[in-house]
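The structure appears right after this line, and notes come after that.
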Amino acid sequence: MSTPAPVSVSILDREFLVACTDEERPGLIAAAAYLDGKMREVKAAAKVAGLDRVAVLAALNITHELIAARQQGSSQADSVAQHVQALKHKLEGVLSASVK
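The end of the sequence shown is residue 101 by this note's numbering, with every number in the run present.
Take a look at the structure:
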């Protein structure tokens, strides 16, 4: 792993230096761009002027998206597990019938 180096990212036209490794750089840049977009959405939709308020509302929106995605992923995992269990029972039935 490489040594952390400062990377400049722009969020709401403000520059921030964040230390990260070369491997982390693409993820940091993508995260900063996503955050910048969300903060711009909040600022435009709510006509909110305070940077602190914009940041908190954007963080709440992103957290809500994350929780919803995790719940959906969990629901999909449960569905897949049920399908696998059903297939297992069918296979066991077919195999036991062919053995008789």
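The C-beta atom is built at its ideal place from N, Cα and C for all residues, glycine as well.
Since the model is a prediction, treat every value here as computed from it, not as a measurement.
Just so you know, the alpha carbons of Glu25 and His84 end up roughly 37 Å apart. A residue is called buried when at least 16 other Cβ atoms come within 10 angstroms of its Cβ; Lys91 does not meet this threshold and is exposed.
For Pro7, the three-state secondary structure derived from DSSP is strand. With 16 or more other Cβ atoms from the protein chains shown falling within 10 Å of its own Cβ, Val55 counts as buried. Inclusion of Ser3 and Asp23 in the CB contact set at 8 Å is warranted, their separation being smaller than that value. In this structure Val43 does not touch Leu29 by the C-beta definition: roughly 21 Å separates them, more than the 8 Å allowed.
Under a 10 Å Cβ-count criterion, Lys89 is classified as exposed, with fewer than 16 other Cβ atoms of the shown protein chains found around its own Cβ. Our two residues, Val81 and Ala70, have alpha carbons roughly 16 Å apart in a direct line.
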